[in-house]
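*Asks:* Numbering (UniProt numbering) for the sequence shown: 1 to 388.
Where is the CB? At the ideal position from N, CA and C, for every residue including glycine.
Please read these numbers as outputs of a predicted model, since none were measured by experiment.
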Amino acid sequence: MKREKSEVDHIPLDLEEAILTRLPAKSLMKFLCVSKMWSSTIRSQRFVNSYFAMSSTMGSRFTISFDCGSRGKIDDARMFIFSSSYECERSSSLATTLRMTIPSVILSRGAVCRSVHGLIGCVMSGPFLVCNPSTNKFTRLPSTGPCTSWGYDPVGDQFKTLTNVSYPNQPPDHLMHEVIRLGGGGGGLEPSSSWTSYRFASPPYMAVTKSICINGFVYYAAWTPTRTTNPVIVCFDVRSERLSCIKAPRPVVWWEGDSILIEYKGKLASIARHPYSDFSTFDLWILEDVKTHDWSKQTFELPFSLGLARHITSPGTNSLGEIIFAPTLLSYDVEPFYIYYYNVERKDMRRVRLLGIADDEEFRRRYGIGGQCYVLISPQHVESIASL
Numbered sequence: 001m002k003r004e005k006s007e008v009d010h011i012p013l014d015l016e017e018a019i020l021t022r023l024p025a026k027s028l029m030k031f032l033c034v035s036k037m038w039s040s041t042i043r044s045q046r047f048v049n050s051y052f053a054m055s056s057t058m059g060s061r062f063t064i065s066f067d068c069g070s071r072g073k074i075d076d077a078r079m080f081i082f083s084s085s086y087e088c089e090r091s092s093s094l095a096t097t098l099r100m101t102i103p104s105v106i107l108s109r110g111a112v113c114r115s116v117h118g119l120i121g122c123v124m125s126g127p128f129l130v131c132n133p134s135t136n137k138f139t140r141l142p143s144t145g146p147c148t149s150w151g152y153d154p155v156g157d158q159f160k161t162l163t164n165v166s167y168p169n170q171p172p173d174h175l176m177h178e179v180i181r182l183g184g185g186g187g188g189l190e191p192s193s194s195w196t197s198y199r200f201a202s203p204p205y206m207a208v209t210k211s212i213c214i215n216g217f218v219y220y221a222a223w224t225p226t227r228t229t230n231p232v233i234v235c236f237d238v239r240s241e242r243l244s245c246i247k248a249p250r251p252v253v254w255w256e257g258d259s260i261l262i263e264y265k266g267k268l269a270s271i272a273r274h275p276y277s278d279f280s281t282f283d284l285w286i287l288e289d290v291k292t293h294d295w296s297k298q299t300f301e302l303p304f305s306l307g308l309a310r311h312i313t314s315p316g317t318n319s320l321g322e323i324i325f326a327p328t329l330l331s332y333d334v335e336p337f338y339i340y341y342y343n344v345e346r347k348d349m350r351r352v353r354l355l356g357i358a359d360d361e362e363f364r365r366r367y368g369i370g371g372q373c374y375v376l377i378s379p380q381h382v383e384s385i386a387s388l
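(1) Could you tell me which residues DSSP puts in a beta bridge with Trp223?
(2) Can you tell me whether Gly187 is helix, strand or coil according to DSSP?
(3) How many Å lie between Cys33 and Ser125 at the Cα?
(4) Using 10 angstroms around the beta-carbon of Lys2, count the other beta-carbons present and answer buried if the total reaches 16, otherwise exposed.
(5) For Ala53, which three-state DSSP category applies?
(6) Using beta carbons (cut-off 8 angstroms, strictly below), is Phe82 in contact with chain D?
(7) Would you call Pro231 buried or exposed, if buried means 16 or more other Cβ atoms sit within 10 Å of its Cβ?
(8) Following the continuous beta strand (DSSP E) through Ile102, name the residue where it begins and the one where it ends.
(9) Taking its Cβ as the centre, do 16 or more other Cβ atoms sit within 10 Å of Glu335, making it buried, or is it exposed?
(10) For the pair the region 292 to 299 and the region 310 to 321, tell me if three or more CB-CB distances fall below 8 angstroms.
(11) Indicate whether the contact test is met: 3 or more Cβ pairs, each with one atom in the region 326 to 344 and one in the region 46 to 56, closer than 8 angstroms.
(12) For Val382, count neighbouring C-beta atoms within 10 Å of its own C-beta (all shown protein chains included) and say buried if the count is 16 or more, exposed if not.
(13) Measure the alpha-carbon distance for Ile102 versus Val375 and round it to whole angstroms.
(14) Check each candidate in Glu322, Pro275 and Ile260 and name the one with the smallest Cα separation from Ala269.
(15) Can you check which of these residues, Asp153, Ser83, Pro203 and Asp289, is closest to Asn132 by C-alpha distance?
(16) On the DSSP bridge assignment, give the partners of Leu32 in chain order.
(17) If we ignore side chains and look at the alpha-carbon of each, how far apart do Leu20 and Leu119 end up?
(18) Starting from Phe282, follow the beta strand (DSSP E) in both directions and report where the run begins and ends.
(19) Do the region 145 to 158 and the region 111 to 118 meet, that is, are 3 or more Cβ pairs less than 8 angstroms apart?
(20) Under DSSP, the beta strand (DSSP E) around Tyr340 begins and ends at which residues?
(21) What distance in whole Å lies between the Cβ atoms of Leu330 and Phe128, which are believed to be in contact at a cut-off of 8 angstroms?
(22) Taking three-plus beta-carbon pairs below 8 angstroms as touching, is the region 26 to 40 in contact with the region 348 to 366?
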């Protein structure tokens, strides 16, 4: 009697994708080699979007970037990107995991590493870097210089950079900008060569803060046209690629030489404090209405001082709306690295230790970490498997 061949029911594609979206990005990258069908599924824009949507519901985490402190040969320099475990309101410590190491990168006080829609844009003195710590991939763009901003258009599903550029014989009444559009408007950047650029002019201004992208708009503070006159927030609409200016109180732009722009509950906000005194108080300015240029101000006193204010920054808030404060430098010695969460409603602050950042002696010795190491934290990072 012949045995009948058993038939295996195929898993429906929708169910297969639902299962895959719940796996870590690292596992998905390995599955690319399993079969052409799985590779096609995981690389499809539909799956990339589904994976990002699922990751967005998983909780709040952040990335931590720093270099090895090398100020000598560029070949000896490197940047490390860690990610934290998911944040918990009652946690006194968070584990961190090294996601990627990028060679030949030196950070400075003016450097920026911002997570926008799952990808990290790094502004430094050299070429602009786009990194995906979930896939351990990065690409360099032709944008250079500290005046580069990183934005995302949620409607067109496209990443863009905005850079202030100069060229010989540039008229003094114009400031040139270059916009680079990455990919074809389908989320990922796909081939590294998939970008286009164009330039446009605006009335002159002088940018004085790092930029931040909120809901499809890039913001940074500036004087227009020159220093000490007419403080504004420059607003770049990532979708329409148009610039506008929002009137701002002077402390929002320049409070004794140091103001910090953050996102606070979906709105643009500025933290103003005196950089050369103990960080025990700060003013929180919130842009309440973009059209009327209406700002609100609240003053807060911290439960305890965080030390010299110029050595403390705020990368933003977590998903609970708590304001994060963090050191700008790694300690020279092997010792714990702490960040602080300030709850505006309760007016209390808690300290959380990041494990494996500055307290790992073996890691420091292996990578030759020493000297002045700048630390850049980007909150509310969401895992993405967009290709670079």
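*Replies:* If we stick to the structure as given:
(1) As a first step, residue 223 is located in the sequence shown; it is residue number 223 there, counting from the start. According to DSSP, residue pairing for Trp223 in a beta bridge involves Met206 and Pro231.
(2) Translated into the one-based positions of the sequence shown, residue 187 becomes position 187. In this prediction, Gly187 scores a pLDDT of 49, lower than 50, which makes its location untrustworthy; the coordinate-derived value is nonetheless stated afterwards. Looking at Gly187 - three-state DSSP - the assignment turns out to be coil, as it is neither helix nor strand.
(3) Position 33 of the sequence shown holds residue 33. Position 125 of the sequence shown holds residue 125. Their Cα atoms are separated by approximately 37 angstroms.
(4) The count along the sequence shown starts at 1 and reaches residue 2 at position 2. Note that Lys2 scores a pLDDT of 48, beneath 50, so its modelled location is shaky and nothing firm can be said.
(5) The sequence position of residue 53 within the sequence shown is 53, counting from 1. Correct three-state label for Ala53: helix.
(6) Protein chain content of the structure displayed is limited to a single chain, and chain D is not contained in it.
(7) The residue given as residue 231 occupies position 231 in the sequence shown. With 16 or more other Cβ atoms inside 10 Å of its own Cβ, Pro231 counts as buried.
(8) In the sequence shown, counting from the first residue as 1, residue 102 sits at position 102. DSSP places Ile102 in the uninterrupted beta strand (DSSP E) bounded by Ser93 to Pro103.
(9) In the sequence shown, residue 335 corresponds to position 335, counting from 1. The residue is exposed, with fewer than 16 neighbouring Cβ atoms inside 10 Å.
(10) No, the region 292 to 299 is not in contact with the region 310 to 321.
(11) No: the two stretches stay apart, fewer than three of their Cβ pairs being nearer than 8 angstroms.
(12) By one-based count along the sequence shown, residue 382 stands at place 382. Label assigned to Val382: buried.
(13) As a working mapping, residue 102 is identified with position 102 in the sequence shown. As a working mapping, residue 375 is identified with position 375 in the sequence shown. Between Ile102 and Val375, the C-alpha separation is close to 15 angstroms.
(14) Taking the first residue of the sequence shown as position 1, residue 269 is located at position 269. Of the residues Glu322, Pro275 and Ile260, the one whose Cα lies closest to the Cα of Ala269 is Ile260.
(15) Here residue 132 refers to the residue found at position 132 when the sequence shown is read from its first residue. Cα-wise, what sits closest to Asn132 is Ser83.
(16) Counting from 1 along the sequence shown, the entry for residue 32 is found at position 32. Beta-bridge analysis with DSSP links Leu32 to no other residue.
(17) If you number the sequence shown from 1, residue 20 lands on position 20. If you number the sequence shown from 1, residue 119 lands on position 119. When rounded, the distance between both Cα atoms is 20 angstroms.
(18) For the purposes of this step, residue 282 is identified with residue 282 of the sequence shown, where counting begins at 1. First-last of the beta strand (DSSP E) with Phe282: Thr281 to Asp289.
(19) With a cut-off of 8 angstroms, the region 111 to 118 and the region 145 to 158 count as touching, because enough Cβ pairs lie within range.
(20) Indexing the sequence shown from 1 puts residue 340 at position 340. Unbroken beta strand (DSSP E) run through Tyr340: Phe337 to Asn343.
(21) The count along the sequence shown starts at 1 and reaches residue 128 at position 128. The count along the sequence shown starts at 1 and reaches residue 330 at position 330. Cβ atoms of Phe128 and Leu330 stay farther apart than 8 angstroms, at about 24 angstroms.
(22) In short, these stretches do not touch, since the Cβ pair count stays below three.
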